[in-house]
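Shown next, in structure tokens, is the structure this report addresses.
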Amino acid sequence: MATILSVSGSPSATSRTARLLRHLDSRLTAQGHEVIPLDVRTLPAEALLGADFQHPAIVEATALFDRADGVVIGTPVYKAAYSGLLKALLDLLPQYGLAGKTVLPLATGGSTAHVLAIDYALRPVLSSMGAGHIVQGWFTLDRDIVVGDDGTLTVAPGTATALAQVVDQFAEALGSRTAGLLAAAG
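Position in the sequence shown (first residue = 1) + 1021 = our numbering.
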């Protein structure tokens, strides 16, 4: 199956975005994919903000992108755009760091006023980085993601169903693309 890099662009240690991604990672793992989580907030701030391309953590993150067949990118929406933390990482990747990759953009936010951030802020950047196929993304309202006192995640039923469909479409697109590339190479 495919190798998927699951990237959280949230700066918060208690991020609903990151928790949602890890929840979706489980679905992809259950489908037989290898999923590698990457929380951008764990990368050294001085390397990200100082554009230290040679920092070992940045080199390692770049290698994870290179290794992946597909990438799930999740971000909270701030001021109608993806997070600055995610921007800092994307700026350090090679110009065509997503070349040939199938990408699933996801966003979370407090208001439906930010629902277009995926299409108007994130998708153009992913496209400019050479993504082979950007599948339909999904915006989830913060209120639809509930974290219990014990850390369990509950997603509102309608949202959970929609997210499952989006993730399954991503996995299907990834499988089709991977099979096509293997056939072309063979």
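We put the beta carbon where it would ideally sit given N, CA and C, even for glycine. This one's a predicted model, so the numbers in the text were calculated from it and none came from an experiment.
Practice item. Compute the Euclidean distance between the alpha carbons of residue 1052 and residue 1023, then round it to the nearest angstrom. Key: 10 Å
Review point. Looking at the structure shown, is residue 1090 part of a helix, part of a strand, or coil, going by DSSP?
Key: coil
Practice item. Hey, could you find the ends of the beta strand (DSSP E) residue 1036 is sitting in? Key: Element bounds for residue 1036: n/a, residue is neither H nor E.
Practice item. Specify, as a first and last residue, the run of the alpha helix (DSSP H) that residue 1065 falls within. Key: From DSSP, residue 1065 is part of no alpha helix (DSSP H); its letter is neither H nor E.
Exercise for review: Report the partner residues of residue 1102 according to the DSSP bridge assignment.
Suggested key: 1099
**Study point:** Distance, residue 1059 Cα to residue 1084 Cα
**Key:** 12 Å
**Study point:** Sequence-distant residues of the same chain with beta carbon closer than 8 Å to residue 1064, five excluded per side
**Key:** 1078, 1079, 1082, 1110
Point to revise | Member of 1156, 1173, 1074, 1099 whose CA lies at the smallest distance from the CA of residue 1195 | key: 1156
Exercise for review: Compute the distance between the beta-carbons of residue 1117 and residue 1143, then report whether it is under 8 Å.
Suggested key: no
Check your understanding: the ligand SAH heavy atoms versus the CB of residue 1185: any closer than 7 Å?
Key -> What this structure holds is no ligand at all, so the ligand SAH is not there to describe.
**Study point:** Straight-line Cα distance separating residue 1136 from residue 1129
**Key:** 9 Å
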